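The structure appears below as structure tokens.
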Amino acid sequence: MRVAVLGLLAASLAPSAYAQSGSGAGLVGFRTPSGNIHCMLEQDVARNGGTPAVLRCDIRQISGAVPARPASCDLDWGQAFAVGQTASTGELLCAGDTVANDELPQLSYGSVWQHLGFTCTSEVAGLTCFNAKRHGFTLSRASRRVF
-14 MRVAVLGLLA ASLAPSAYAQ SGSGAGLVGF RTPSGNIHCM LEQDVARNGG TPAVLRCDIR
46 QISGAVPARP ASCDLDWGQA FAVGQTASTG ELLCAGDTVA NDELPQLSYG SVWQHLGFTC
106 TSEVAGLTCF NAKRHGFTLS RASRRVF
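Residue numbers for the sequence shown follow our numbering, so the first one is -14 and each next one is one higher.
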């Protein structure tokens, strides 16, 4: 269902906004040039009673400190981040899945990606993403921060 919904919305966006071949066809998102960070716009929740869209980014390799895993998290911790369209902060997720997909288009260093009020800027030093309220996260191999 998620792929079908994202595919319908992606068809109305510019071709560079989504992967056009392989398993990533129709998925709205991107990956950094290093391939270490992958992001996807999860829009299907917007069709569930009006819940706002969510931008999720997963980072494959990290170093440095990771916040303590909550007792309630039995899944992966420290590598998945999200911010909702109307959220007042970004968040670190307890996740058993990933949005990493090598078929997503590359967001070149120095480039900006914008969709549905979300903005992400790719730099050699890392990736910063935020919603229209300017709440979100900054990710790099060495550090991660939500704001």
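Where a beta carbon is used, it is the ideal one built from N, C-alpha and C, also for glycine.
Remember, predicted model here, so these are calculated numbers, not experimental data.
Secondary structure of residue i, DSSP reduced to three states
i	result
D43	strand
D87	coil
Length of the line joining the Cα atoms of residue i and residue j
i	j	result
C58	G81	10 Å
S107	R129	14 Å
G111	T123	7 Å
H100	L60	29 Å
P90	C24	10 Å
Cβ distance (whole Å) where residue i is taken to contact residue j below 8 Å
i	j	result
P40	A67	Contrary to the premise, residue 40 reads as Leu rather than Pro in this sequence. Yes, they are in contact, since the Cβ atoms of L40 and A67 sit about 7 Å apart, within 8 Å.
V131	L77	6 Å
Own chain residues within Cβ distance below 7 Å of residue i, not counting five before or after
i	result
N21	I44, R45, Q46 and R126
S48	R126 and A127
A117	G102
Neighbourhood of residue i by C-beta, 8 Å cutoff - its chain only, sequence neighbours within 5 removed
i	result
L74	This sequence places Thr at residue 74; Leu is not what is there. Contacts found: V68, H120, V131 and F132.
Sequence-distant residues of the same chain with beta carbon closer than 6 Å to residue i, five excluded per side
i	result
A96	The amino acid occupying residue 96 in the given sequence is Ser; Ala does not appear at that position. Taken in chain order, the residues that qualify are S107.
T83	D43
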